[in-house]
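Structure, as structure tokens:
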Amino acid sequence: MSSVLRTLRESDASLIPVLAEVWGARIDGLDNAKAVEAVSKAMLDSARAEAIWDTLSDRERGAMQMIASSGSKMQEAKFAILYGKIRQMGKGQIEQEKPHLNPQSAAESLFYKGLIAKGYENAETGARTILYVPDDLLRVLPLKKTSYADLADEPLDESEFDDEDEDEAPDTPQQVFGKRSIDSEDDDLSAPAVNAAVELETLTHVNNPRSADTSIVDDMTTLLAYLQMNAPLLENHFLSKQDLDALMPHLLIDDRARLSFLLGLGVSTRMIDVIGGRAQTNRVELRRWLGGTRSEQVKRLADAWRESEAYVDLWHVPGLIVEREAGTMNLYNPQPARETVLQVMKKQTPPGWWSIEDFILLMREEHTDFQRPNSDFDSWYIRNQAGDYLTGIESWDAVDGALLEYVIMGPMHWLGLLDVGVNAARLTAYGRGFLGLTPFPNPADPQDKIELRPDGTLLVSRKVSRMDRFQVARFAVWVTAGDLGGKPYTYKVDAMSINRAAGQGIDTGHIGTFLSKIANPLPTAVQRLLSSWQGGAVASVTFEQVVIVRSTSKEILDQIYDEPATRRFLGARLGDLAAIIRADQWADLRDALGEAGIQVEIIGV
């Protein structure tokens with residue numbers, strides 16, 4: 004760690020007079036350099052250090068002992084949870100507030116007494132702020148002395164110190180912006196946490212356990228087929244209500260949050276491109292994914308989520324309203340935060356069920372700033388449903404804790420990586436493979452065939468390859484979705500579906516070849532249908548809405564047809580007493596008949 008002298012030289016000049024007052028150093032008439040040396044000398048005097056120690060409260064001493072036993076440094080965010088914030092003040096505010104005499108927290112008291120200083124270190128999530136005790140100051144402080152002056156000092160338990168971290172601290176630290184910089188050796192999550200406040204234990208009972216599944220593969224196939232045929236225009240980065248109404252009934256899991264995740268995964272795997280606001284498929288990446296086994300498809304989706312910068316988990320946490328372009332949110336990269344969570348899960352969760360609440364508490368205690376660059380809890384604009392802004396470390400549970408719960412109950416469960424229950428989770432075989440605890444499972448896919456019925460109905464189970472179901476979905480009408488209980492997807496080949504397929508470049512020859520692999524010979528009705536459409540739509544009908552005019556006698560209808568003023572509104576004659584008029588012209592015919600003296604009665608129009 005840094006020395007007292009070096010720390011003071013890098014500190015704001017307005018802090019030096021405060022420390023001089025606290026430590027009884029005379030700096031009147033001295034320039035800043037000489038004043039720094041005088042304060043440093045006073046702080047390293049063991050008698051003065053003991054006197055300062057005696058002024059500390061038990062809480063402040065506990066804070067110093069904790070930071071000392073943590074390699075003499077600690078993340079500021081974690082320290083703030085336990086001992087409060089430190090207000091950063093300029094000269095004028097220091098003179099007015101006198102934080103060394105009127106501290107608002109234990110942390111602030113220690114900072115303005117010079118017992119702890121601020122610095123930064125490099126971590127997986129970027130640079131983060133730490134608090135540390137200078138090495139030479141640590142040696143003169145009576146850390147083992149308690150507030151009970153009449154009791155003999157207890158011997159210091161050396162096991163409380165993390166010597167390995169101290170040995171690994173660089174001798175020549177990097178200096179940036181007057182703050183201490185340390186290369187973060189203790190970020191290796193394979194090492195046990197120092198003085199860990201939370202230890203995850205195996206749960207013996209879990210309420211409402213829900214096993215993970217691989218239905219995300221099936222619903223991704225459905226989504227890709229829908230986008231291939233429709234290329235829908237997105238609204239606010241999501242499907243419109245019309246597209247949702249058309250697509251949702253055909254998904255195995257009716258969950259819009261999960262569908263949004265699927266869309267994000269599709270973009271992350273490059274199977275989906277958003278061009279001109281429309282979601283379209285990338286055929287090369289799509290075919291590559293569809294051609295894999297179910298296990299390979301799960302792995303690719305999970306890997307894409309792990310590495311994704313396009314899908315921001317925080318933006319999808321229920322109950323949070325994130326202002327995406329405000330503050331520093333537009334600079335946020337979710338990938339390092341996600342990786343930190345996965346590494347903690349890999350190293351510190353037991354093999355069986357574990358408490359989600361305890362996992363979140365562990366993250367708060369040991370990795371407080373896992374998603375906050377430079378431990379900054381104040382530069383994002385996030386509101387709750389009531390409209391209240393959630394800023395500062397005091398909102399950790401509402402924002403960072405909520406994100407962790409969402410990642411566990413949402414993406415990791417949807418991807419088949421975690422079984423979940425009430426406040427409980429456990430890694431599945433896929434989850435253990437994903438984290439590298441075991442090889443990723445790669446069982447052979449079961450072989451199942453599509454059933455083609457005489458009327459052109461196709462039954463496609465989840466055991467059929469996703470490539471084959473994707474092809475069926477492109478040329479057949481979507482009738483009903485399957486389910487997780489074994490019910491197959493139902494499609495049907497008819498004139499409408501063949502016409503729609505033609506718009507995608509799929510002709511009856513392609514359809515016939517595919518169906519012949521399922522049933523040879525083809526059912527008679529299907530053969531006839533394909534034959535009649537070989538040259539395109541040769542037989543078609545149209546439906547239109549019309550209005551019928553009925554007369555009480557043949558002579559009256561003849562009169563209407565004979566008069567040019569009324570004849571122009573009539574269509575085909577339907578026998579002696581009725582004729583067709585177009586739905587948009589009945590009112591004009593009514594008026595013309597009235598002028599001709601013919602009474603009109605309107606029924607049901």
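Count along the sequence shown from 1, add 3, and you get the number used in the numbering used here. Using N, Cα and C, we set each Cβ at its ideal position, and we do this for glycine too.
| query | Where does the unbroken beta strand (DSSP E) through residue 323 begin, and where does it stop? | reply | Stepping through the sequence shown from its first residue, residue 323 is reached at position 320. Element bounds for residue 323: n/a, residue is neither H nor E.
| said: Below 8 Å on the Cβ atoms is my contact criterion, and I expect residue 137 with residue 120 to pass it. Report the Cβ-Cβ distance as a whole number of Å. | reply: Numbered from 1 along the sequence shown, position 134 holds the residue referred to as residue 137. Numbered from 1 along the sequence shown, position 117 holds the residue referred to as residue 120. About 7 Å separates the beta carbons of residue 137 and residue 120, which is inside the 8 Å limit, making them a contact pair.
| message | I need the straight-line Cα distance from residue 426 to residue 215, nearest angstrom please. | response | Residue numbering aside, residue 426 sits at position 423 when the sequence shown is read from its first letter. Residue numbering aside, residue 215 sits at position 212 when the sequence shown is read from its first letter. Between the alpha carbons of residue 426 and residue 215 lies a distance of about 15 Å.
| request: Could you say which of 141, 447, 413 and 348 lies nearest to residue 73 if we only look at CA atoms? | output: To locate residue 73, count along the sequence shown from 1; it is residue 70. Ranking 141, 447, 413 and 348 by Cα distance to residue 73 puts 141 first.
| What are the start and end residues of each continuous alpha helix (DSSP H) run of 4 or more residues lying completely inside the segment 408 to 440, in chain order? | Qualifying alpha helix (DSSP H) stretches, in chain order: 414 to 417 and 432 to 437.
| Does DSSP put residue 404 in a helix, in a strand, or in coil? | Locating residue 404 in the sequence shown gives position 401, counting from the first residue. The DSSP-derived three-state label of residue 404 is helix.
| field | Close beta carbons around residue 491, own chain, < 7 Å, minus the five adjacent residues each side | value | Start at 1 with the first residue of the sequence shown, and residue 491 comes out as number 488. The residues are 462, 463, 464 and 485.
| query | How should residue 501 be labelled, buried or exposed, when 16 other C-beta atoms within 10 angstroms of its C-beta is the threshold for buried? | reply | Position 498 of the sequence shown, counted from the start, is the residue given in the question as residue 501. Counting other Cβ atoms within 10 Å of its Cβ, residue 501 reaches 16 or more and is therefore classed as buried.
| task | In angstroms with no decimal places, state the Cα-to-Cα distance between residue 1 and residue 63. | result | It is not possible to answer for residue 1, since the shown part of the chain is limited to 4 through 608.
| request: Could you tell me whether the segment 371 to 385 touches the segment 224 to 239, using the rule of 3 or more Cβ pairs below 8 Å? | output: Touching, no.
| task | Identify the continuous beta strand (DSSP E) that holds residue 277 and give its terminal residues. | result | Position 274 of the sequence shown, counted from the start, is the residue given in the question as residue 277. It spans 275 to 278 - the beta strand (DSSP E) in which residue 277 sits, taken as one unbroken run.
| task | Inspect the beta-carbon positions of residue 277 and residue 287 and report whether they are closer than 8 Å. | result | Position 274 of the sequence shown, counted from the first residue, corresponds to residue 277. Position 284 of the sequence shown, counted from the first residue, corresponds to residue 287. With respect to the 8 Å criterion, residue 277 and residue 287 are not classified as neighbours on the basis of their beta carbons.
| task | Verify whether the separation of the beta carbon atoms of residue 84 and residue 396 is less than 8 Å. | result | Position 81 of the sequence shown holds residue 84. Position 393 of the sequence shown holds residue 396. Yes.
| Can you tell me the Cα-Cα spacing of residue 146 and residue 77, whole angstroms? | Here residue 146 refers to the residue found at position 143 when the sequence shown is read from its first residue. Here residue 77 refers to the residue found at position 74 when the sequence shown is read from its first residue. Approximately 17 Å between the Cα atoms of the pair.
| task | Can you check DSSP and say which residues form a bridge with residue 241? | result | The count along the sequence shown starts at 1 and reaches residue 241 at position 238. Under the DSSP definition of a beta bridge, residue 241 partners with 238.
| What's the gap between the Cα of residue 281 and the Cα of residue 263? | If you number the sequence shown from 1, residue 281 lands on position 278. If you number the sequence shown from 1, residue 263 lands on position 260. Taken atom to atom, the span from the alpha-carbon of residue 281 to that of residue 263 is near 15 Å.
| field | Straight-line Cα distance separating residue 505 from residue 537 | value | The sequence position of residue 537 within the sequence shown is 534, counting from 1. The sequence position of residue 505 within the sequence shown is 502, counting from 1. The straight-line gap from Cα to Cα measures roughly 11 Å.
| request: Go ahead and label residue 561 buried or exposed: buried means 16 or more other beta carbons lie within 10 angstroms of its beta carbon, across all protein chains shown. | output: Translated into positions along the sequence shown, residue 561 becomes position 558. Classified as exposed, residue 561 has fewer than 16 neighbouring CB atoms from the shown chains inside 10 Å of its CB.
| said: Can you find the residues in the same chain that come closer than 7 Å, C-beta to C-beta, to residue 93, ignoring five residues on each side of it along the sequence? | reply: Walking along the sequence shown from the start, residue 93 turns up at place 90. Correct list, in chain order: 17.
| message | Please state whether the Cβ-Cβ distance between residue 42 and residue 26 is less than 8 Å. | response | Taking the sequence shown and counting its residues from 1, one reaches residue 42 at position 39. Taking the sequence shown and counting its residues from 1, one reaches residue 26 at position 23. Taking 8 Å as the Cβ cut-off, residue 42 and residue 26 qualify as a contacting pair.
| request: May I have the straight-line CA-CA distance separating residue 363 from residue 430, to the nearest angstrom? | output: Within the sequence shown, residue 363 is the residue found at index 360, counting from 1. Within the sequence shown, residue 430 is the residue found at index 427, counting from 1. Taking the straight line from one Cα to the other gives about 16 Å.
| task | Flag this pair as touching only if the segment 367 to 377 and the segment 333 to 344 have three or more C-beta atom pairs under 8 Å; answer yes or no. | result | Here the segment 367 to 377 makes contact with the segment 333 to 344; the two share three or more CB pairs at distances below 8 Å.
| request: Tell me the start and end of each unbroken alpha helix (DSSP H) in the segment 60 to 116 that is at least 4 residues and wholly inside, in chain order. | output: As far as the segment 60 to 116 is concerned, its whole alpha helix (DSSP H) runs of at least 4 residues are 61 to 72, 79 to 86, 94 to 100 and 109 to 114.
| query | Between the C-alpha atoms of residue 441 and residue 293, what's the straight-line distance to the nearest angstrom? | reply | Position 438 of the sequence shown holds residue 441. Position 290 of the sequence shown holds residue 293. Cα-Cα distance, rounded: 25 Å.
| query | Quick one: any contact between the segment 544 to 557 and the segment 585 to 601, if contact means 3 or more CB pairs under 8 Å? | reply | The segment 544 to 557 makes contact with the segment 585 to 601, as at least three CB pairs between them are under 8 Å.
| task | State the DSSP-derived secondary structure class of residue 615, mapped to helix, strand or coil. | result | The question about residue 615 has no answer here: the residues shown for the chain are numbered 4 through 608.
| Beta-carbon contacts of residue 311 that lie in its chain and below 6 Å, excluding the five residues immediately before and after | On the sequence shown, residue 311 is found 308 positions in, with the first residue counted as 1. The residues are 271.
| query | How would you write the range of the beta strand (DSSP E) that residue 574 sits in, first residue to last? | reply | Start at 1 with the first residue of the sequence shown, and residue 574 comes out as number 571. Where residue 574 is concerned, the enclosing beta strand (DSSP E) starts and stops at 573 to 576.
| query | Does the distance from the CB of residue 434 to the CB of residue 421 come in under 8 Å? | reply | Within the sequence shown, numbered from 1, the residue matching residue 434 stands at position 431. Within the sequence shown, numbered from 1, the residue matching residue 421 stands at position 418. With respect to the 8 Å criterion, residue 434 and residue 421 are classified as neighbours on the basis of their beta carbons.
| request: Could you tell me how far apart the beta carbons of residue 359 and residue 408 are, in whole angstroms, since I believe they sit closer than 8 Å? | output: Numbered from 1 along the sequence shown, position 356 holds the residue referred to as residue 359. Numbered from 1 along the sequence shown, position 405 holds the residue referred to as residue 408. With 8 Å as the limit, residue 359 and residue 408 qualify as a contact, their Cβ atoms being about 6 Å apart.
| query | How is the beta strand (DSSP E) around residue 492 delimited, first residue to last? | reply | Your numbering for residue 492 matches position 489 in the sequence shown. Element bounds for residue 492: 492 to 495.
| Would you say the segment 299 to 317 touches the segment 250 to 258, given that touching needs at least three Cβ pairs under 8 Å? | Output reads no: the segment 250 to 258 does not touch the segment 299 to 317.
| query | In the DSSP assignment, what residue or residues form a beta bridge with residue 206? | reply | As a first step, residue 206 must be located in the sequence shown, where it is residue number 203. In the DSSP assignment, residue 206 forms no beta bridge with any residue.
| field | Same chain only: Cβ atoms within 7 Å of residue 479, ignoring 5 sequence neighbours per side | value | Taking the sequence shown and counting its residues from 1, the one referred to as residue 479 is at position 476. Within the same chain, residue 479 has close Cβ partners 461, 494, 495, 496 and 500.
| said: Output needed for residue 285: all residues of its chain with C-beta closer than 6 Å, excluding positions within five of it in sequence on either side, in chain order. | reply: Looking up residue 285 in the sequence shown gives position 282. Around residue 285, the same chain offers 273, 274 and 276 as residues with beta carbons nearer than 6 Å, after the five sequence neighbours per side are excluded.
| Buried or exposed by the 16-neighbour rule on C-beta atoms within 10 Å, applied to residue 546 | Within the sequence shown, the letter at position 543 stands for residue 546. Around the beta carbon of residue 546, a 10 Å sphere encloses fewer than 16 other beta carbons of the protein chains shown; the residue is thus reported as exposed.
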